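Below is one structure, written out as structure tokens; the observations come after it.
2 protein chains.
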Amino acid sequence: MTGYQREWLVQDAVAGLVVTLMVVPQCLAYAVLAGLPAQLGLYASILPLLAYALLGSSMTLAIGPVAVVALMTAGTIGPLAAPGSPEYIALAVILALLAGVALLTLGLLRLGFLAQLLSEPVISGFVSGAALLILVGQLGPLIGITPHGQTAFDLGASLVEQIGQFNPATLLLGGLALPLLWWARRSMAVWLENAGVRRTLAELLTRLVPLLVLVLATLAVVILDLDHGEGVAVVGNIPEGLPVLHLELPSVANTARLLMSALVIGLMGFVVSVSVAQSLARRRMERIDPNVELRALGVANLASAISGAFPVAGSMSQSVASFSAGARTPLAGVVRAAITALIVIGFTAVFERMPRTALAATIIIAVLSLIDIKALRRDWKYDRADGLAWLGTALGVILMGVEAGISIGIGLTLTALLWRSSRPHIAVVGRVPGTEHFRNVARHQVETDDAILALRVDENLHFGNAVPIDERIRAEIAQHPRARHLVLELSSVIHIDATALRMLEGLDHYVRAQGWELHFAQMRGPVLDKLRGTALFEAVTATSGGVPFPSTHEAFVRLAAPARAEQNETARDPTGA
Amino acid sequence: MTGYQREWLVQDAVAGLVVTLMVVPQCLAYAVLAGLPAQLGLYASILPLLAYALLGSSMTLAIGPVAVVALMTAGTIGPLAAPGSPEYIALAVILALLAGVALLTLGLLRLGFLAQLLSEPVISGFVSGAALLILVGQLGPLIGITPHGQTAFDLGASLVEQIGQFNPATLLLGGLALPLLWWARRSMAVWLENAGVRRTLAELLTRLVPLLVLVLATLAVVILDLDHGEGVAVVGNIPEGLPVLHLELPSVANTARLLMSALVIGLMGFVVSVSVAQSLARRRMERIDPNVELRALGVANLASAISGAFPVAGSMSQSVASFSAGARTPLAGVVRAAITALIVIGFTAVFERMPRTALAATIIIAVLSLIDIKALRRDWKYDRADGLAWLGTALGVILMGVEAGISIGIGLTLTALLWRSSRPHIAVVGRVPGTEHFRNVARHQVETDDAILALRVDENLHFGNAVPIDERIRAEIAQHPRARHLVLELSSVIHIDATALRMLEGLDHYVRAQGWELHFAQMRGPVLDKLRGTALFEAVTATSGGVPFPSTHEAFVRLAAPARAEQNETARDPTGA
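From first to last, the protein sequence lines are chains F and L.
Using our numbering, the letters of the first sequence correspond one by one to residues 3 to 579.
Using our numbering, the letters of the second sequence correspond one by one to residues 3 to 579.
Right under this line is the structure:
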């Protein structure tokens, strides 16, 4: 704050005003997408912005209603109450509250790393699939019908069934708005530039078209009385007061279900926010702290709940708008919040007669840019497993719903991870002549000892690779019939979990039954601390004096057959064969 | 077969007969536990045994009804049909069919590694939790009431509510059977030995007590007419013919739900079977092939479906009984199947008046030995994360149901794995004087070059650790203000996934913006093959001639500042400082 300059204040104020006008249509539209009265989109754009401006670590991330979060909100509450009803609104508030609590808790527990469960292909596939699902869902409102369903299949079937009941005036309004918005997004800036308008002004004007379209469409409804006369669906009235106050609390079962969904919605919002914040931070060399972001987003959702609104997240389009309008600091967000509050106070009556078809057109154009088939092509080409995760997530979202899609994506990613870790790297090692170093026999000229099989395990031992490591070691044992000592070099192992410990116990029994002995070498501190005190450790270190061999070299010196040891002495002579 | 000896035939036949008599009570009891007529437990012990004898890789694993699988079967079908009804039976058959198809498919696709999702603590916690849940559920039938619910909480509440309606005659029968069975399991063998009976005979007699109890209880019902006179619940009649034939096929939604449950039941049965088979194989030095087991268990479940029965798995108690009765080869299983078939044909009428309370007592005693608190104590002491996974799984099963428990367990295990991999090992490396080797600067006396920051990444780069690796590298960059080259030594990296690729792209942008260059050294073949052709690869290898540096040494020679290079020459002199 001390370094704040006066001209920044002007820049931030102008940016705040311009951005507010730019993003109002999306705020309204995403509230409708969530099954809520449009004005709630503005409610969700006041206090949450202030909360994030105070607590967030990104200078440019803009918080507010977001398409995928709105879709997930509708998916969660839809089965529990009728869209737009007081119960529905109250459940949305509770969902924002729970998402806020969940995110804040995760942030305070520093569990930000959980977001890493979602790989890039899963996030990208999820966003693309959700965008397509939203698009299909908005085709109904665009022509004046209300298809039902939570999957593209159900929505499509419902759409086809009702298509004969379309509303001509609605279709006309939507049919005018959609191509206009499309043209504004694709070609208008270039067209204006060619007509001699300055580039920044051209881009600014382009971004204001959505608001203009909404204003014109609302004017058309008011002047021609399209809502009463022609049956054009409009946004309508909003119940007064905080909705939670007149709600019976949901049942325990519903609350548990809401809590789970709130966690998923919160985490998804968090992941999307962080990836937006990071891509913006990259341009300005800022640093994003995931745990700070978790807490800030948690408080922003609590603020949204207090406002009587629904879950929010960091918005790519709002952030980019703010960034390119010249916002310098989070103060731009404060200005936005103030202007939005003025709009809510002064113009509420305006929204009542805003036609839903215009909002549907806004949503459709906004989500079109989220469908990123190029990412699928790139991931598929780079790595089949990543491509499959993208495709599985997107198809899961489209055909089975949002939460199924995320589950499938996480499942595929973890399966790929497990599959890779189920092929662990293990090398038979031998001594580099004349040294105390041991290297892979397959890649180096090294000396071995017939009595000793020395294996270097190159990965942590855990449930995901215990079985294949066990199998690989037993296969090596079978191939070394003359050996009597198995030395495991654990220099790269920093963790052995309970499953792997059980595997090593089994291995110890197995080698004993064959007349072998098992030894550990180069065990690292953390592993030593945990193994000490287990029966396995006592048994295995009996030969080496109660501790593992400090090095594979020590193990060789101690365990080599007498005759062999002599041969090794010869081999150690640099002039030897 | 050619090596089969004549005396083995006698041993196998005797073992087959004895084991059949030993396991009949459990087969009947687990069918009842699954909500099915008791006889189905015998149906499930004929064809599945033959199928496994033909296809399985274990010589001693006995297939049949298993407590946890029966519990999961009841949990899946319970909400869809009334227990014991023809619909219920038909759904159980379909469940066995789907489980068989799922396992067979996984086996043919060689996806046995999927079972590694279930770590030892999760399996152990699951079995203990399920055993407790079964125990609570059987207290009702033991005293003649029918509590409802799928969680220990619901079952307990239902039990307390109905406890006044207990049936005196049932309570008396069960109250006699339970301590007798308990004593037989705990003390009878020792008591017989002390009385001068040979040890093997004493153990054999002990194992026949459950059958004796069932026979005596049934005789009591028949002689005293307890079922009609006193209202003692009995097993009752079984519908004739294959149940699937008179079933309307379930709805699409129910089939999808069944398919998911069948997969979980199949995998759980598979995991339990393999761990039983492996602990038995260990004693006999046999080898278990998970993919062969998947296929064999799949076909065994198909065989159970054909028999009109329910999902089966490898049974610990049956295998141990068979093993200690002296079974030499799978032929013992064939003998068992034949004798069981004779029992089904000849004695069906007997089962009709068998009292359920005696079966409940059998189940309670059988599952008591599955509750393994010692495993929890051991895992907790060894590793908090493993202990938590045990506890979370067990509590999840008890309080939220079987599938919730498994999900919680897998979730906790994977969270621990992710958490560990989110702390990847990265070392700053320098040259060991006088050599071309590079080692960790924190642990070795090595030479570095101010212009070069060389980092060795010791783990595969993937979605689970991309963020922390990125952060760690940026922190190192900040600590080396005079360097201009970042060399990543990738000698231990054999995979980079799409998420990590995106991270490296971001890192490349970041270092360029700071006036640095990014380089790769010692990249391994598989990574090279995948990265070649990406924009990142082109950009990064521009300096090194279109390929990564073959070694960190080469990178140093090429990138060292001219002045530095000279210093290094001096340093390379063995007499230098």
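Note that the Cβ used here is the ideal one computed from N, Cα and C, for glycine as well.
From a predicted model like this one, the values you see are computed outputs, not experimental measurements.
Simplified DSSP state of residue i, which is helix, strand or coil
{"i": "F/Leu410", "result": "Looking at the sequence provided, one finds Ile at residue 410 of chain F rather than Leu. F/Ile410: helix per DSSP, three-state reduction."}
{"i": "L/Pro292", "result": "helix"}
{"i": "L/Gly389", "result": "helix"}
{"i": "F/Glu519", "result": "strand"}
{"i": "F/Val459", "result": "strand"}
{"i": "L/Asp452", "result": "coil"}
{"i": "L/Pro552", "result": "coil"}
{"i": "F/Leu111", "result": "coil"}
{"i": "F/Gly146", "result": "coil"}
{"i": "L/Ala64", "result": "strand"}
{"i": "F/Ser493", "result": "coil"}
{"i": "L/Pro81", "result": "coil"}
{"i": "F/Val431", "result": "strand"}
{"i": "F/Val236", "result": "strand"}
{"i": "F/Ala579", "result": "At F/Ala579 the pLDDT is 36, less than 50, meaning the model places this residue with poor confidence; the figure from the coordinates comes in the next sentence. The answer is coil: DSSP assigns F/Ala579 none of H, G, I, E or B."}
Within chain L, the residues that residue i reaches when beta carbons sit closer than 9 Å
{"i": "F/Arg112", "result": "Going along chain L, no residue has its Cβ under 9 Å from F/Arg112, so there is no contact; the nearest lies around 11 Å."}
{"i": "F/Glu163", "result": "What F/Glu163 touches in chain L: nothing, since even the nearest Cβ is about 18 Å away."}
{"i": "F/Ser326", "result": "Those within 9 Å of F/Ser326 in chain L number zero; the least Cβ separation is about 19 Å."}
{"i": "F/Asp510", "result": "By Cβ distance, chain L contributes nothing, its closest Cβ being about 11 Å from F/Asp510, past 9 Å."}
Minimum Cβ-Cβ distance from residue i to chain F less than 8 Å
{"i": "L/Trp1", "result": "There is simply no residue 1 of chain L to check, as chain L begins at 3 and stops at 579 in what is shown."}
{"i": "L/Val16", "result": "no"}
{"i": "L/Phe115", "result": "yes"}
{"i": "L/Asp381", "result": "yes"}
{"i": "L/Asp460", "result": "yes"}
Whether residue i touches residue j by CB criterion (8 Å)
{"i": "L/Val469", "j": "F/Gln118", "result": "yes"}
{"i": "L/Val70", "j": "L/Met270", "result": "yes"}
{"i": "L/Trp392", "j": "L/Ser189", "result": "no"}
{"i": "L/Gly102", "j": "L/Ala76", "result": "no"}
{"i": "L/Ala98", "j": "L/Phe312", "result": "yes"}
{"i": "F/Leu100", "j": "F/Gly300", "result": "no"}
{"i": "F/Gln320", "j": "F/Val25", "result": "yes"}
{"i": "L/His345", "j": "L/Gly18", "result": "It is Ile, not His, that sits at residue 345 of chain L in the sequence shown. Contact flag unset, no."}
{"i": "L/Asp460", "j": "L/Ile428", "result": "yes"}
{"i": "L/Ser140", "j": "L/Ala477", "result": "Per the sequence shown, the amino acid found at residue 140 of chain L is Gln instead of Ser. No; because the gap between Cβ atoms is not below 8 Å, this pair is not in contact."}
{"i": "F/Ala515", "j": "F/Val489", "result": "no"}
{"i": "F/Ser553", "j": "F/Glu438", "result": "yes"}
{"i": "F/His487", "j": "F/Leu533", "result": "no"}
{"i": "L/Thr415", "j": "L/Ser121", "result": "yes"}
CB contact below 8 Å: residue i versus chain L
{"i": "F/His464", "result": "yes"}
{"i": "F/Arg504", "result": "yes"}
{"i": "F/Ile408", "result": "no"}
{"i": "F/Glu571", "result": "Confidence at F/Glu571 is low in this model, with a pLDDT of 43, below 50, so its placement is unreliable and the value that follows should be read with caution. Closer than 8 Å: no."}
{"i": "F/Ser275", "result": "no"}
{"i": "F/Val430", "result": "no"}
{"i": "F/Gln118", "result": "yes"}
{"i": "F/Ser306", "result": "no"}
{"i": "F/Ser424", "result": "yes"}
{"i": "F/Val21", "result": "no"}
Proximity test, residue i beta-carbon vs the ligand SAH heavy atom, cut-off 7 Å
{"i": "L/Gly348", "result": "With respect to the ligand SAH, the structure offers nothing, as it holds no ligand at all."}
Neighbouring residues, chain F, relative to residue i (Cβ below 8 Å)
{"i": "L/Ile496", "result": "His427"}
{"i": "L/Thr536", "result": "Tyr384"}
Chain-ordered neighbours of residue i on chain F, where CB pairs are closer than 7 Å
{"i": "L/Tyr45", "result": "Per Cβ cutoff of 7 Å: no residues; L/Tyr45 is ~33 Å from chain F at best."}
{"i": "L/Leu416", "result": "Leu416"}
Under 8 Å by beta carbon: chain L residues contacting residue i
{"i": "F/Thr501", "result": "Ser121, Glu122, Pro123, Asp388"}
Closer than 7 Å at the beta carbon, the chain L residues around residue i
{"i": "F/Thr78", "result": "The contacting residues do not exist; F/Thr78 stays about 19 Å from chain L at best."}
{"i": "F/Lys532", "result": "Tyr384, Asp385"}
{"i": "F/Val469", "result": "Gln118"}
Using a Cβ-Cβ cutoff of 8 Å, what residues of the region 48 to 60 of chain L are near chain F? List them in chain order. Taking a C-beta cut-off of 8 Å against chain F, none of the residues of the region 48 to 60 of chain L qualify.
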